[in-house]
Structure formats: structure tokens, C-alpha cells
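Reviewing the structure listed below.
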């Protein structure tokens, strides 16, 4: 079946630092891929998506490119803010397969 | 608010009791999914419906679990004879059949089995 290997945290950064969270997705074919975010005390929110290989998703300064050759979908942001502190999940497929999540803490 | 809603938000029960959770999807969404999330893990797929038809069930879904979606609107997830291992957050999501399977999640029901 499908599987997601996501960089384990926790990740602690200073404000304005560069963020990368690695994700590799293994599946038959090339399903849509997603990044979800869970802020403290809140539910899962869709952050961005890529619907086919070589697609790039972006939202709120976050970006991720669906690399067909490596089946990777790494999440990046050039300058993180304290408000980005949350748990980030990589997921894909029609019945979503999720990674274990990466806790990001951004300090002022 | 037209998002996915779930009720109750928290449920505490004793081992052996039955519990039922409700999910109301976004009104125009014809697919509805149930997931379970334990502490420190990502959500795991349990089952999904397209309209009123239950199309797939995970092997995680034991015989004590049953889900329904009468009339293709809200859905219920029932757990019979609860066990301590059932303690988790139960998440509901919905999506359109058309498009790229963007699933929108509800706030979840946190179940604690004592």
C-alpha cells in the first residue's frame, strides 16, 4: 500500500529562518499530494496541494514541489514566523495516507 | 460556518459501553471519510462513503465498529463494547468526487475509554 516517510521533529527555528520539512511518498502511480497543518488546539487544515507530478503547490508563503523522480514533496518556507508554530502533516492518495507529523516551534 | 462539524467534541466512557459519533459534512460534498488519530501519529484511514454507499473499509475497522451515512448526508460512527485501545481522536472529512480529493476536516471527537 501507499506509505509516507516524513521528517521527524521536533524542529525549532528562530523567526525569519528558512524551513524545510522532508516528505517522500511511495505509491502506485502519482496520486495528489497534500500538506496539512494543525495549529495548537485546532483541527487539521489543508495548507497546499499538488495534483500531479512536477506540480508546485503554494499558500501563505509555503511551497512544495512534487518531484516525480524522487517521489518527494518537501515543504519549504523562506522566512518563518512565530505564528507558523504547529504540527505539519504530509499526505496523499484518495484515502489519505499521512506521515507521522512534524512539530515546528518558531521562537521570536 | 459551513465547514465540517462533529458531535460530540469529547466523550468519556467506561470500557464495554457503546458510543456513537456524528459527522455533518460540507453540504455539497458527496464523499465522507472517517479517520482515527492517536497521540503523536498522523491520522489513519478507517472508512469512506460516496453518497450513502460505504465504498471501502480499512482492516483497522474491527467488527465492533460500524459506520452509516443514511440519505448521503450526515454520518455516524458507532463503536460497540469499547476497549481502552479505542481511545483516540476520531476525525471526519469530506470532499467532492470531482477535483483532486481535497479533504476538509472537522474538529474531531476525542474518545477516552476508562
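Protein chains in written order, with our numbering: chain E, 52 to 159; chain X, 24 to 137.
The C-beta atom is built at its ideal place from N, Cα and C for all residues, glycine as well.
Distance, residue j Cα to residue i Cα
| i | j | result |
| --- | --- | --- |
| residue 26 of chain X | residue 143 of chain E | 21 Å |
| residue 30 of chain X | residue 124 of chain X | 24 Å |
| residue 121 of chain X | residue 73 of chain X | 12 Å |
| residue 41 of chain X | residue 133 of chain X | 15 Å |
| residue 28 of chain X | residue 56 of chain X | 13 Å |
| residue 77 of chain E | residue 84 of chain E | 11 Å |
| residue 89 of chain E | residue 86 of chain X | 31 Å |
| residue 83 of chain X | residue 71 of chain E | 32 Å |
| residue 93 of chain X | residue 108 of chain E | 36 Å |
| residue 131 of chain X | residue 130 of chain E | 31 Å |
Residue interval of the beta strand (DSSP E) (run including residue i)
| i | result |
| --- | --- |
| residue 55 of chain X | 54-60 |
| residue 153 of chain X | Outside the displayed range of chain X (24 to 137) lies residue 153 of chain X, so it cannot be described from this structure. |
| residue 83 of chain E | Note, residue 83 of chain E: premise wrong, no beta strand (DSSP E); not H, not E. |
| residue 116 of chain E | 113-116 |
| residue 64 of chain X | Counting along the chain, residue 64 of chain X falls outside any beta strand (DSSP E), and DSSP gives it neither H nor E. |
DSSP three-state assignment for residue i, whether helix, strand or coil
| i | result |
| --- | --- |
| residue 128 of chain E | strand |
| residue 37 of chain X | coil |
| residue 107 of chain X | helix |
| residue 105 of chain E | coil |
| residue 53 of chain E | coil |
| residue 135 of chain E | helix |
Closer than 9 Å to chain X by CB, residue i
| i | result |
| --- | --- |
| residue 132 of chain E | no |
| residue 85 of chain E | yes |
| residue 149 of chain E | yes |
| residue 62 of chain E | no |
| residue 93 of chain E | yes |
Chain E contact for residue i (CB, 9 Å cutoff)
| i | result |
| --- | --- |
| residue 65 of chain X | yes |
| residue 111 of chain X | no |
| residue 81 of chain X | yes |
| residue 126 of chain X | yes |
| residue 130 of chain X | yes |
Buried or exposed (CB count within 10 angstroms, at least 16 for buried), residue i
| i | result |
| --- | --- |
| residue 98 of chain X | buried |
| residue 133 of chain E | exposed |
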